[in-house]
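Q: The opening residue of the sequence shown carries number 24 in the working numbering; numbering runs sequentially from there.
Cβ coordinates follow ideal geometry from the N, Cα and C atoms, glycine included.
Note that the coordinates shown come from a computational prediction; the quantities given were computed from them, not determined experimentally.
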Amino acid sequence: MNVKIIDSAEEIAKIVSDRIISLVKEKPDCILGLATGSTPLQTYQKVIEKAKKQNVSFLKVRTFNLDEYLDNPIKEQSYRYFMDENLFDKIDIKKENTHFPPFENPAAYDEEILSCGGIDLQILGIGRDGHIAFNEPGTPFDSMTHIASLDEKTIKDNSRFFESIDQVPKKAVTMGLATIMKAKEIILIATGKNKAEAIYKMTQGLDTKTPASILNKHNNTTVYIDNDIRKEIESWKQ
Ligand code: PGA
């Protein structure tokens, strides 16, 4: 796991969007693992701009998203909706090539990813509690795609997208930690000082209390953090 400190969220988005675009150029039928949330938004915006400017086609690209809410009454809050709005509808990807984990028989998702040849590049954010996808603290490191319950902290964090906290779904279907670890390359993005604690814990070695710490065992993971996180961690040492 390689941690890189970059000046700003915008710079990180430039770097990560460049990596996505260069992979699609190198391997037009690549498999991308994608994340939702506020963190990757700028990256997706830049992917859209660069795909247009550089005439890069996503026609043969297949994507597998990390997770989707269960029992979500609000369509606009679904991760499918988020991805359509913020990426898929703005590039030439075929909708049938964009996948989300199924509510029934979640483990079939792992098989589907495998049968496509595996994820070439997985994009991740991180929760304040150290979760990746909806793998909350305590999730076994060998978990495959499964139904998960959201922690109180996550429900509270995600309530900013809803009218009230009661609307936030309590469950989701998510890639497991072992699913994520099978990706050939992983990029985790963390920006803003409220992610500092999770990043600090993640870099202290393997611990199921910080699910993202599993990435210490991955041989091709880059973690991009911004200066706000660096400054926050440094301030604890003074
Ligand atoms: P965020 O979510 O990008 O909205 O901060 C990250 C996550 O919970 O994984």
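Just to check, is the beta-carbon of I71 closer than 7 Å to a non-hydrogen atom of the ligand PGA?
A: No, Cβ of I71 sits at least 7 Å from all heavy atoms of the ligand PGA.
Q: Can you check whether the CB of I222 is closer than 8 Å to the CB of Y247?
A: The answer is no: Cβ separation not under 8 Å.
Q: Take I178 and list the residues in its own chain whose beta-carbon comes closer than 8 Å to its own, dropping the five residues that flank it on each side.
A: Once the five neighbours on either side are set aside, the close Cβ partners of I178 are I188, V191 and K193.
Q: Which residue comes first and which comes last in the beta strand (DSSP E) that contains S172?
A: S172 -> beta strand (DSSP E) spans H169 to S172.
Q: Identify whether I136 lies in helix, strand or coil by the three-state DSSP scheme.
A: It is helical.
Q: Could you name the residues of the same chain whose beta carbon sits closer than 7 Å to that of K83, not counting the 5 residues immediately before and after it, in chain order?
A: The answer, listed in chain order, is P51 and D52.
Q: Between which residues of its own chain and I38 is the CB-CB distance below 8 Å, once the five residues before and five after are set aside?
A: Result list for I38: I29 and Y247, in chain order.
Q: How far does the beta strand (DSSP E) with K194 in it extend, from its first residue to its last?
A: K194 -> beta strand (DSSP E) spans K194 to T197.
Q: Determine the DSSP secondary structure at Q261, reduced to helix, strand or coil.
A: DSSP places Q261 in coil when its eight states are reduced to three.
Q: With the cut-off set at 8 Å, would you say F126 and L93 are in Cβ contact?
A: Yes, they are a contact pair.
Q: Could you say which of N250, D251, G148 and M167 lies nearest to M225 if we only look at CA atoms?
A: Here the closest residue by C-alpha is G148.
Q: If you measure between the beta carbons of T245 and K69, is that distance less than 8 Å?
A: For T245 and K69, no; Cβs fall outside 8 Å.
Q: Leaving aside the five residues before and after T121 along the sequence, list all residues of the same chain whose C-beta is less than 6 Å from its C-beta, in chain order.
A: Closer than 6 Å at Cβ, skipping near neighbours: T86 and F111.
Q: With which residues is G56 paired in a DSSP beta bridge?
A: DSSP, once it has assigned bridges, lists F87 and Q145 as partnering G56.
Q: Taking 7 Å as the cut-off, does the CB of H154 come closer than this to any heavy atom belonging to the ligand PGA?
A: Under cutoff, so the answer is yes.
Q: Terminal residues of the continuous alpha helix (DSSP H) containing D41?
A: A32 to E49 is the span of the alpha helix (DSSP H), which, as asked, contains D41.
Q: Does the segment 135 to 148 come into contact with the segment 56 to 64, if we say contact requires no fewer than three beta-carbon pairs (one atom in each stretch) closer than 8 Å?
A: Cβ pair count under 8 Å is three or more, so yes.
Q: Please report the straight-line C-alpha distance between P129 and M198, rounded to a whole angstrom.
A: Answer to the nearest angstrom: the Cα atoms are 8 Å apart.
Q: Cα separation between P107 and K113?
A: Per the sequence presented here, residue 107 reads as Asp, with Pro not at that position. Approximately 8 Å between the Cα atoms of the pair.
Q: Buried or exposed: where does E91 fall if 16 or more other Cβ atoms within 10 Å of its Cβ makes it buried?
A: Classification of E91: buried, given that the 10 Å Cβ count is 16 or more.
Q: Taking the DSSP output, what are the residues bridged to I210?
A: Answer is I146 and T245.
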